[in-house]
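Student: Here it is: the structure, laid out below.
Residue numbers (the working numbering), protein chains in the order written: chain A, 48 to 355; chain B, 982 to 1272; chain C, 25 to 403.
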């Protein structure tokens, strides 16, 4: 029972945050939640199944732009548009995933990167539909969640839903098979697992989650712009997952907090902020390879040992 | 039409040559250390900046500045190899992260030190024009193609006939066997990384006078060089050369038929298509579990 | 950025007891849009220095020194939104200025509206920014539509057809091309080529332009790629008429090439630095004195933006009430460096747009509008 005391307390604090803190902090937290959702999807793909995709956020873009077009041009209701956007991202993930999964390790990475770049080109160049590089403004927030405080609760709920999905998957047989595939694919196949089927499924699921994050993000910012879904953002997502702790349940949350929170905190340092950030990344890989979750884990263990 | 085609082919050979220089460095490093160095692009860029520094502050000789920048970057490569990639050997994921961290740090460091504006390298060879029939090209274009060709030839010779070159080949074929035979693999790692970085620096210094020196100048060549290696076959040196050139020429020629916005996509689409049919790349050897 | 730190330090040292008002600025300090960002900051810094040199803004009997609170948005909408959020709710500035990128401005504008803090844009040109019904969004510079209108008018008068384009693959480039195509019509449009920010190789575009026999080529890009494109066009032996954006009307641009290669290139210009109009002359001289180079249009627009904000504060009699400032801005008529600034119902100003041309001796002449026509050296 005490295992759940700490997370429950944390959740309570987070839910009541609008009453406790100012709008800027809420805004930054919303961004953290919205960045965490695609990160959860990528964690399932990368952390648990071992698929390093460098084009993940392009699927967030698919979700975002689909939502934009449906909500603004087709005047579809908010929630229906959101659902279709998530489904579209998932479907795209399944289709593109099938092509990418014909490759392994380095090749897989580069092909996913290539698809990410191609999708970005479409978002940026297809002026008639996506409004091109200047962005697609005028995207609404859902009717009951137009203020920052109410949208905050929506974003938190969305993030929790994503984490719930992650937890369910990891605990299930599906999840166990994914982990088996990451550890030794040949052995799993020898035991009768259809590797391609499972990998495509997780690619699709991961992309759908990315789509959810993207759709919510364009709704929050009230604009969909290609700049939000470019290669740099995809790389950011990989870093969030790995630095947070790939293959751990809390990893995406920790990573998102670090990657959104820290640059905001460092705003004072202007040009040097990214130099510091990059240096930090290198140091983390050298001295904390299992990411923040790993550091925390090691910390617990050391404490537990002391206690004995 | 034939003339436009010829013009684009020559342009493609020029951009392709730059990709080849990047690809060569990356493929050597990959072959020996099994490290995919994404930071190669910023090293390319640093090569351009260092060359500019020497050219404008120290010596007015472009050739000397170019050579000096190669030396300096080789030393930088040494530092990166020992400090970052050697400790991370075998861990692909962390190598990628570390590379990305390096990119962020170095690109922004350059902006903080030199400012964001592009720098100019005023070199004679960019001003003189060479006529090929009705077409005209700056001499520098053809110089890039020429120098790259010479480098490639030297590289082949070096790898085939020199002691270090043979050691490099041996280590990339089978690291353990090389150790057994008494090859100092750690020294080979260092030498290869330095060599690869020097090639990248050469690329940056060659491109600088033509296209200006700016912080993001290495991003596209790195990605294209990577595509070239994949196309040619990971670990294959001739593959890197052919792959780089194919990417360059295909890109340029495609603009005759397709909207130029999609130029980058075309190169990648071609790469994906070829890999789908031949996953090990044109010259690569099919390794079980890799593709 | 160093200027701002220095400025802030000086202010802090000499005016410990003096009242201050913090004005928010969003711009690109790093990333590929950093070069134009620098010009923007120069404009803000120059204006701030002049205001503070005169003792500050006179509001309600007290003088307030201007302090610039600058945040880097790196051409990323999420960063823009959070910078805006921080400025309005943490730094509590009464007004925000700047931005370079239309997509980012589109994310900042709703936040401005949410918290009742006016956002005065000084560079983004995306036309649909002012179409969102946002009463707190103002734009000092001309939008793509306005720029294109002036240029199309001029080009039609010259009979240059077919017109080819090489453009940045971003909001400024694509927006510009689309706008021009609508104005001159498909029949007169030749080859259209896009390139990504950071791309430096224009050889494919050059070949296509040659093949299309373009009478004139319009370059929608900033001066760095512009100088490369023109060099490559001329190196390939093409003698087409060149048309450029305001970035290609500066001396700095000229330093990268020589006037002979430009061969009578024209460009639309928000700000011909050597024009004989006193307001332009005076500004150019002050700018040159402080920064050692020729004034850039983005700097002039930004300078006007800050001066306008100061004027609004004086008129509204407040340095804290964003809504009052909004009302003041909506009704204000301000004589800026770029011309008379008065916002229409959508928050858009209508500054004059010039067309200048390079003379062989490296000076400029003004060709359009008729009223401002001037000869070589006065452009």
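In this text, a Cβ means the ideal position worked out from N, Cα and C, and glycines have one as well.
Between residue 235/C and residue 71/C, what straight-line distance do the alpha-carbon atoms span, to the nearest angstrom?
Tutor: Here the question's residue 235/C lines up with position 211 in the third chain. Here the question's residue 71/C lines up with position 47 in the third chain. Approximately 48 Å, taken between the alpha carbons.
Student: Shorter than 8 Å from the beta carbon of residue 75/A to some beta carbon of chain C?
Tutor: The count along the first chain starts at 1 and reaches residue 75/A at position 28. So yes, residue 75/A belongs to the interface.
Student: At the 8 Å Cβ level, is residue 127/C part of the contact set with chain A, yes or no?
Tutor: As a first step, residue 127/C is located in the third chain; it is residue number 103 there, counting from the start. Taking Cβ atoms only, chain A reaches closer than 8 Å to residue 127/C, which makes this a yes.
Student: Just to confirm the assignment, what range does the beta strand (DSSP E) spanning residue 1243/B have?
Tutor: Working through the second chain from its first residue, we reach residue 1243/B at position 262. Counting along the chain, residue 1243/B falls outside any beta strand (DSSP E), and DSSP gives it neither H nor E.
Student: Using the Cα positions of residue 143/C and residue 166/C, report the straight-line distance between them to the nearest angstrom.
Tutor: The sequence position of residue 143/C within the third chain is 119, counting from 1. The sequence position of residue 166/C within the third chain is 142, counting from 1. Roughly 16 Å between the two C-alpha positions.
Student: Taking Cβ positions only, does residue 1215/B come closer than 8 Å to chain A?
Tutor: Mapped onto the second chain, residue 1215/B falls at position 234. Chain A, which has a Cβ nearer than 8 Å to the Cβ of residue 1215/B, makes this yes.
Student: Using the C-alpha atoms, what's the distance from residue 74/A back to residue 109/C?
Tutor: Translated into the one-based positions of the third chain, residue 109/C becomes position 85. Translated into the one-based positions of the first chain, residue 74/A becomes position 27. In a straight line, the C-alpha of residue 109/C is about 7 Å away from that of residue 74/A.
Student: Please report the straight-line C-alpha distance between residue 101/A and residue 383/C, rounded to a whole angstrom.
Tutor: On the first chain, residue 101/A is found 54 positions in, with the first residue counted as 1. On the third chain, residue 383/C is found 359 positions in, with the first residue counted as 1. Their Cα atoms are separated by approximately 50 Å.
Student: Just checking my contact of residue 1174/B with residue 1217/B at CB under 8 Å: how many whole Å lie between their CB atoms?
Tutor: The count along the second chain starts at 1 and reaches residue 1174/B at position 193. The count along the second chain starts at 1 and reaches residue 1217/B at position 236. Contact flag wrong, Cβ pair sits at about 19 Å.
Student: Which ranges does the beta strand (DSSP E) cover as unbroken runs of at least 3 residues, wholly within the stretch 1084–1121 of chain B, from first to last along the chain?
Tutor: Listed in chain order, they are 1110–1113 and 1116–1119.
Student: Beta-carbon separation of residue 1048/B and residue 1189/B under 8 Å?
Tutor: On the second chain, residue 1048/B is found 67 positions in, with the first residue counted as 1. On the second chain, residue 1189/B is found 208 positions in, with the first residue counted as 1. Against a cut-off of 8 Å, the Cβ pair of residue 1189/B and residue 1048/B comes out as no contact.
Student: Please say whether residue 1229/B and residue 1006/B have beta carbons closer to each other than 8 Å?
Tutor: Residue numbering aside, residue 1006/B sits at position 25 when the second chain is read from its first letter. Residue numbering aside, residue 1229/B sits at position 248 when the second chain is read from its first letter. Cβ distance not < 8 Å, so residue 1006/B and residue 1229/B don't count as in contact.
Student: In chain order, what are the residue ranges of uninterrupted beta strand (DSSP E) at least 3 long that sit wholly in the stretch 362–392 of chain C?
Tutor: List check, beta strand (DSSP E) in window: 363–365, 378–382 and 388–392.
Student: Can you have a look at residue 1105/B and say buried or exposed, based on whether 16 or more other CB atoms are within 10 angstroms of its CB?
Tutor: Locating residue 1105/B in the second chain gives position 124, where the first residue counts as 1. Per the 10 Å Cβ criterion, exposed.
Student: So, does the stretch 335–354 of chain C touch the stretch 107–121 of chain C, judging by three or more C-beta pairs under 8 Å?
Tutor: Segments in contact, yes.
Student: Which residues, in order along the stretch 228–246 of chain C, keep a beta-carbon less than 9 Å from a beta-carbon of chain B?
Tutor: Listed in sequence order: 228, 229, 230, 231, 232, 234 and 235.
Student: Give a yes or no on whether the C-beta atoms belonging to residue 1027/B and residue 1054/B are separated by under 8 Å.
Tutor: Translated into positions along the second chain, residue 1027/B becomes position 46. Translated into positions along the second chain, residue 1054/B becomes position 73. A contact, by the Cβ cut-off of 8 Å.
Student: Between residue 313/C and residue 90/C, what straight-line distance do the alpha-carbon atoms span, to the nearest angstrom?
Tutor: As a position in the third chain, residue 313/C is number 289, starting the count at 1. As a position in the third chain, residue 90/C is number 66, starting the count at 1. Using only the alpha carbons, I get a separation of about 21 Å.
Student: Taking the CB atoms as reference points, tell me whether residue 92/C and residue 333/C lie closer together than 8 Å.
Tutor: The sequence position of residue 92/C within the third chain is 68, counting from 1. The sequence position of residue 333/C within the third chain is 309, counting from 1. No, the pair does not count as a contact, with Cβ atoms beyond the cut-off.
Student: Would you say residue 3/A reaches chain B, if we count a Cβ-Cβ gap shorter than 8 Å as a contact?
Tutor: There is no way to answer for residue 3/A, as the model of chain A reaches only from 48 to 355.
Student: Three or more beta-carbon pairs under 8 Å between the stretch 281–301 of chain A and the stretch 83–94 of chain A, yes or no?
Tutor: At 8 Å Cβ cutoff, the stretches touch.
Student: Report the residue from 68/A, 53/A, 134/A and 194/A whose alpha carbon sits nearest the alpha carbon of residue 110/A.
Tutor: Position 63 of the first chain, counted from the start, is the residue given in the question as residue 110/A. Closest by alpha carbon: 134/A.
Student: Return the chain-ordered list of same chain residues with a C-beta closer than 6 Å to the C-beta of residue 304/A, the five sequence neighbours on each side being excluded.
Tutor: Mapped onto the first chain, residue 304/A falls at position 257. So the qualifying residues of the chain are 79.
Student: Could you check the C-alpha separation between residue 175/C and residue 219/C for me, to the nearest Å?
Tutor: In the third chain, counting from the first residue as 1, residue 175/C sits at position 151. In the third chain, counting from the first residue as 1, residue 219/C sits at position 195. Going by the C-alpha atoms only, they are around 22 Å apart.
Student: Just curious, the alpha helix (DSSP H) that residue 283/A is in, first and last residue?
Tutor: Taking the first chain and counting its residues from 1, one reaches residue 283/A at position 236. Unbroken alpha helix (DSSP H) run through residue 283/A: 278–292.
Student: Does residue 187/A come out as helix, strand or coil in the three-state DSSP assignment?
Tutor: In the first chain, residue 187/A corresponds to position 140, counting from 1. Residue 187/A: coil per DSSP, three-state reduction.
Student: 8 Å is my cut-off, CB to CB: does residue 1130/B come that close to chain C?
Tutor: Residue numbering aside, residue 1130/B sits at position 149 when the second chain is read from its first letter. Cβ-Cβ to chain C under 8 Å: no for residue 1130/B.
Student: Measuring CB atoms only, is the stretch 1146–1160 of chain B touching the stretch 1117–1135 of chain B, in the sense that at least three cross pairs come out at less than 8 Å?
Tutor: These segments do not touch.
Student: Does the beta-carbon of residue 347/A have 16 or more other beta-carbons within 10 angstroms, so that it is buried, or is it exposed?
Tutor: As a first step, residue 347/A must be located in the first chain, where it is residue number 300. Result: exposed.
Student: So, does the CB of residue 1271/B fall closer than 8 Å to a CB anywhere in chain A?
Tutor: Against the second chain, residue 1271/B aligns to sequence position 290. A caution first: residue 1271/B carries a pLDDT of 42, below 50, which makes its placement in the model too unreliable to give a value.
Student: Kindly identify the DSSP beta-bridge partner or partners of residue 265/C.
Tutor: Working through the third chain from its first residue, we reach residue 265/C at position 241. DSSP, once it has assigned bridges, lists 240/C as partnering residue 265/C.
Student: Tell me which residues share the same chain as residue 401/C and place their Cβ nearer than 6 Å to its Cβ, disregarding the 5 neighbours each side in the sequence.
Tutor: Sequence index remark: in the third chain, residue 401/C carries index 377 (1-based). Result list for residue 401/C: 387, in chain order.
Student: If we count the other Cβ atoms within 10 Å of its Cβ and call it buried at 16 or more, is residue 1272/B buried or exposed?
Tutor: Numbered from its first residue, the second chain carries residue 1272/B at position 291. Confidence in residue 1272/B is poor, its pLDDT being 39 and thus under 50, which makes the residue's placement unreliable; the coordinate value appears in the next sentence. Buried, because 16 or more other Cβ atoms sit within 10 Å of the Cβ of residue 1272/B.
Student: Output, in chain order, the set of chain C residues within a Cβ distance shorter than 8 Å of residue 311/A.
Tutor: Taking the first residue of the first chain as 1, we reach residue 311/A at position 264. Within 8 Å Cβ-Cβ: 106 and 110.
Student: Quick one, are the C-beta atoms of residue 324/C and residue 367/C less than 8 Å apart?
Tutor: On the third chain, residue 324/C is found 300 positions in, with the first residue counted as 1. On the third chain, residue 367/C is found 343 positions in, with the first residue counted as 1. The answer is no: Cβ separation not under 8 Å.
Student: So, at 7 Å on beta carbons, what are the nonlocal neighbours of residue 271/A in its own chain, with the 5 sequence-adjacent residues on each side left out?
Tutor: Taking the first chain and counting its residues from 1, the one referred to as residue 271/A is at position 224. Closer than 7 Å at the Cβ level, and outside the excluded window around residue 271/A, lie 111, 112, 115, 182, 183, 186 and 265.
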